[in-house]
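Chemist: Quick note on this note's numbering: the sequence shown kicks off at 383 and runs consecutively.
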Amino acid sequence: MPARKIIIDTDPGQDDAVAILLALSSPEQIEILGLTTVAGNVPLDLTTRNARIVCELAGRTDVGVYAGCDRPLGRDLVTAEHVHGKTGLDGPKLPEPTMEIAPEHAVDFIVETLRKEPAGTVTLCPLGPLTNIATALQKAPDIGEKIQEIVLMGGAYFEVGNITPTAEFNIYVDPEAADIVFKSGIKITVMPLDVTHKALVTKERNDAFRALGTPVGVAVAEMTDFFERFDKEKYGSTGAPLHDPCVTAYLLQPELFSGRHINVEIETVSELTLGMTVADWWGVTDRKANATFIGDIDADGFFALLTERLARL
Ligand code: BDR
Ligand code: CA
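1) Can you give the Cα-Cα distance for residue 587 and residue 608, rounded to whole angstroms?
2) Residue 411 by DSSP, collapsed to three states: which one?
3) Looking at ligand 2, does it come within less than 8 Å of residue 406, judged from the CB to the closest heavy atom?
4) Could you check if residue 491 is buried or exposed, using at least 16 other CB atoms within 10 Å of its CB as the buried criterion?
5) Could you tell me how far apart the beta carbons of residue 448 and residue 418 are, in whole angstroms, since I believe they sit closer than 8 Å?
6) Work out the CA separation of residue 499 and residue 617 for me, nearest whole Å.
7) Could you give the DSSP three-state label for residue 464: helix, strand or coil?
8) Near residue 553, what residues of its chain come up, given a Cβ to Cβ distance below 7 Å and the 5 sequence neighbours on each side ignored?
9) Going by beta carbon distance, what residues of the same chain come within less than 7 Å of residue 672, once the five residues before and after it are set aside?
10) Among the residues of its own chain, which have a CB less than 7 Å from the CB of residue 385, if the five just before and after it don't count?
11) Could you name each continuous alpha helix (DSSP H) segment of 4 residues or more that falls completely within the stretch 560–588, going from the start of the chain to the end?
12) Flag residue 423 as yes when its Cβ comes closer than 8 Å to any non-hydrogen atom of ligand 2, and as no otherwise.
13) Per DSSP, residue 623 is paired with what?
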């Protein structure tokens, strides 16, 4: 089978970084057409810096990094330095990037790439707020039918929320953008907190990354060392949840995951529950199914895949 063509839309973030590294490690299965950055965990200049640091860490300066939207469609930006640190990629000491930022705006890159490639051959992988994707769909509605699938990290049902009691960060930051994407009619697969909170780094799993002894293995171990303190304190969990790598692992080994094809709506009005993903998991409405909402993961299989693939870099 030819490699699946993807665009990763991202706001690195330690877990975004691991997701990107996993995709970069598997060129026979995944062809990255470009990395598009968005404001999210930290402001856009830092997410764009961090995306380039990750490419350089993997020795892949040939991958285009396109800077995108610096704020949500209609709201002030909310960031998550309390989780990811001041730079968004706190933990390992990595050199400042020297590779260039691609001259094109991320939204233009997404639109032009989708128009150029044969219909139904490009998958979008959003790992942050959905601002770039929604802007592209608004600007060029014709691209909708050209997208093979959107596999995104965002939302929650049983886990409810992490940035507010009822909202997950990526959806909360730009609920209007999420609403556009979920109403687009495009095939969507969602990795919510319900599954990502099961993809937990334990000490043994992190030791396995470190034991790779490579710059990538050591950097990933140091990223999760930093990233885990937040979730350990908040949830009492064993370690960092690797949210975003669930997206790229799903592309490589979908059988590790299971979920339901259901209706998912985004709350955009209520102050109390803004950004909530109202997921009809139990099928209690007659609202049309619009997304495959993943609920479970074979966590051991996921970490085995991740460690084996990171070893290649
Ligand atoms: C999501 O928000 C960010 O902090 C992470 O990178 C992930 O994409 C988890 O809620
Ligand atoms: Ca992210």
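A virtual CB, placed ideally from N, CA and C, is assigned to each residue, including glycine.
Modeler: This is what the structure gives:
1) 15 Å
2) coil
3) no
4) buried
5) 5 Å
6) 43 Å
7) helix
8) 536, 537, 560, 648, 657, 659
9) 564, 570, 645, 646
10) 409, 410, 411, 412, 413
11) 575–578
12) yes
13) 582
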